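In the numbering used here, the protein residues as written are 50 to 207. Note that beta-carbon positions come from the ideal geometry of N, C-alpha and C, so glycine has one too. Every value quoted in this text rests on a predicted model; they were computed, and no experiment measured them.
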Amino acid sequence: MPREQGRKFIAQNKKARHDYSILDTYEVGLVLTGTEVKSLRQGRASLVDGFAMVEDGEVWLHHVHIPEYTEGTWTNHTPRRKRKVLMHRAEIEKLIGKTKEGGLTLVPLDLYFKDGRAKATLALAKGKKTYDKRQDMAERDSRREMERAFGRYVKGRR
Numbered sequence: 050m051p052r053e054q055g056r057k058f059i060a061q062n063k064k065a066r067h068d069y070s071i072l073d074t075y076e077v078g079l080v081l082t083g084t085e086v087k088s089l090r091q092g093r094a095s096l097v098d099g100f101a102m103v104e105d106g107e108v109w110l111h112h113v114h115i116p117e118y119t120e121g122t123w124t125n126h127t128p129r130r131k132r133k134v135l136m137h138r139a140e141i142e143k144l145i146g147k148t149k150e151g152g153l154t155l156v157p158l159d160l161y162f163k164d165g166r167a168k169a170t171l172a173l174a175k176g177k178k179t180y181d182k183r184q185d186m187a188e189r190d191s192r193r194e195m196e197r198a199f200g201r202y203v204k205g206r207r
């Protein structure tokens with residue numbers, strides 16, 4: 050059987066881009082059990098409350114919900130267990146320095162399969178204040194309105 054090629058997205062954390070300013074992103078691997086992989090292949094996961102922490106020089110993903118595999122037996126996994134993240138040592142050292150600065154956190158943006166392997170995108174992020182969120186929404190709305198007006202102008206409508 051040929052190996053899977055390309056990317057297949059499983060879950061995205063759309064709220065993370067709204068609640069945080071993304072400073073840097075990292076593509077990371079995950080240490081998963083067999084039933085977790087099978088559940089992910091069914092496209093079932095939730096990143097809503099997820100975050101990552103550096104503990105004893107290792108990065109761990111917390112509160113990511115991967116539901117139990119429906120066909121699983123007593124060997125099934127617990128849905129919200131903490132999962133080890135696979136990163137290069139140099140990247141982990143950089144993250145330790147940046148997260149100790151304060152105000153920065155690691156947030157998962159998405160889960161996907163890349164060439165048959167489960168991957169995640171972790172973002173080094175800073176929490177936004179309420180007024181920052183409102184300002185971003187206002188900018189997005191004005192940009193959208195300008196694009197609409199430009200489209201109408203190009204099409205010859207006023």
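query, result
"In its own chain, which residues sit with a C-beta less than 7 Å from the C-beta of K177, not counting the 5 before and 5 after it?", "D68, Y69 and S70"
"Based on the DSSP secondary-structure assignment, which residues constitute the bridge partners of V108?", "V103 and V134"
"Rounded to whole angstroms, what's the CA-CA distance from K64 to E85? Just pull it up for me.", "24 Å"
"With H, G and I counted as helix, E and B as strand and the rest as coil, what does DSSP make of K177?", "coil"
"Using the beta-carbon count (16 or more within 10 Å), is L171 buried or exposed?", "buried"
"Strictly by DSSP, which residues pair up with F162?", "K57 and A167"
"Could you tell me whether the region 103–119 touches the region 138–154, using the rule of 3 or more Cβ pairs below 8 Å?", "yes"
"Is K133 near V97, with beta carbons less than 8 Å apart?", "no"
"If you follow the beta strand (DSSP E) that T74 is in, where does it begin and where does it stop?", "Y69 to L79"
"Can you give me the Cβ contacts of Y161 inside the same chain, cut-off strictly under 7 Å, excluding the 5 residues immediately before and after it?", "R56, K57, F58, I59 and K168"
"Which first and last residues belong to the alpha helix (DSSP H) in which L89 is found?", "G83 to R90"
"Excluding sequence positions up to five away, which residues of its chain have a Cβ less than 8 Å from the Cβ of T74?", "L158, T170, L171, A172 and L173"
"Could you compute how far the alpha carbon of G99 sits from the alpha carbon of M195?", "35 Å"
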